[in-house]
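Encoded as structure tokens, the structure appears first; notes follow it.
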């Protein structure tokens with residue numbers, strides 16, 4: 099989402115047209131984000147109000163939802179101590195988990211703009227006492243209107259240093275998030291395309307999940323940096339506007 103459809107809350111030219119083309123041709127799609135702060139409903143409203151981009155709520159897949167699905171698959175009806183915002187707490191609650199700070203099965207770390215030293219300390223103690231450590235994504239930093247902010251990966255590193263325990267990261271670049279998205283779409287990797295702005299998360303996760311990939315040069319990775327990586331996307335374009343005309347081509351029945 100960020101760097102492909104929007105920068106902060108400003109739409110990237112072509113984003114509205116791209117989503118409209120997908121919906122007009124009835125092509126199933128998901129907008130993915132590693133950000134676990136917001137619920138899909140929150141994100142839909144934010145996209146529509148600030149950018150005019152109309153994405154249905156059920157077409158938004160967050161690292162919080164992928165994390166909740168992983169927990170439900172691994173240990174149904176379990177318990178967790180959650181450090182994060184409503185996007186994560188709502189997702190964990192919706193799978194029937196009990197959220198507690200007393201002997202939880204998991205400590206689940208997500209992104210928040212108000213990290214509490216008390217909450218982090220509690221998480222460290224619970225992990226030391228045997229709770230399994232899960233984090234929504236490994237992103238070390240994120241953008242804001244005021245500049246860079248520490249994100250989930252940075253706080254996870256702090257907790258890991260204190261406990262000697264590394265978390266299992268669910269979000270990109272873990273192909274688990276891509277496969278959960280494919281399952282949600284009831285799609286096959288051979289007929290699916292991943293579009294992203296980061297070589298080290300979007301493109302590698304798409305590649306490892308067996309998808310064709312498109313890098314847009316409107317976000318984290320610039321065109322000249324592509325050659326720094328040992329893997330390449332299927333295509334590199336300047337922006338999502340360049341993909342609008344490719345929608346029919348990329349999803350022709352003879353390519354399925």
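Residue numbers (my numbering): 99 to 354. Beta carbons are placed, not taken as given, at the ideal position from N, Cα and C, and that holds for glycine.
Here the C-alpha atom of residue 219 lies approximately 26 Å from the C-alpha atom of residue 160. When C-alpha distances from residue 225 are compared across 196, 247, 264, the shortest belongs to 264.
In this model, residue 203 and residue 325 are separated by some 43 Å (Cα to Cα).
Residue burial annotation: residue 134 is buried, with at least 16 other C-beta atoms found within 10 angstroms of its C-beta.
Residue 200 sits exposed, since fewer than 16 C-beta atoms from the chains shown fall within 10 Å of its C-beta. A contact is defined here as three or more CB-CB pairs under 8 Å, and the segment 250–267 fails this definition with respect to the segment 283–295. Straight through space, the alpha carbons of residue 336 and residue 178 are spaced by roughly 42 Å. DSSP places residue 330 in the coil class of the three-state scheme, outside both helix and strand.
A residue is called buried once 16 or more other Cβ atoms fall within 10 Å of its Cβ, and residue 343, having fewer, is exposed. Out of 330, 309, 310, the CA that lies nearest to the CA of residue 319 is found in 330. Residue 186: member of the alpha helix (DSSP H) spanning 184–192, first to last residue.
Looking at the DSSP output, residue 105 bridges to 108. By alpha-carbon distance to residue 170, the top candidate from 182, 155, 196 is 196. Residue 285 sits in coil when the DSSP states are folded into three classes, being neither helix nor strand. Contact fails between the segment 142–156 and the segment 185–196, because fewer than three Cβ pairs, one in each stretch, are under 8 Å apart. Inclusion of residue 116 and residue 338 in the CB contact set at 7 Å is warranted, their separation being smaller than that value. Counting only runs of 3+ residues, the beta strand (DSSP E) found wholly inside the segment 286–326 occupies 291–294, 310–314, in chain order.
Distances from the CA of residue 229 to each of 132, 274, 206 were compared; the closest alpha carbon is that of 206.
Contact between residue 296 and residue 269 does not hold, since the beta-carbon distance rounds to 12 Å and is not under 8 Å. Inclusion of residue 234 and residue 212 in the CB contact set at 7 Å is not warranted, their separation being larger than that value.
For residue 222, the secondary structure class from DSSP, reduced to helix, strand or coil, is helix.
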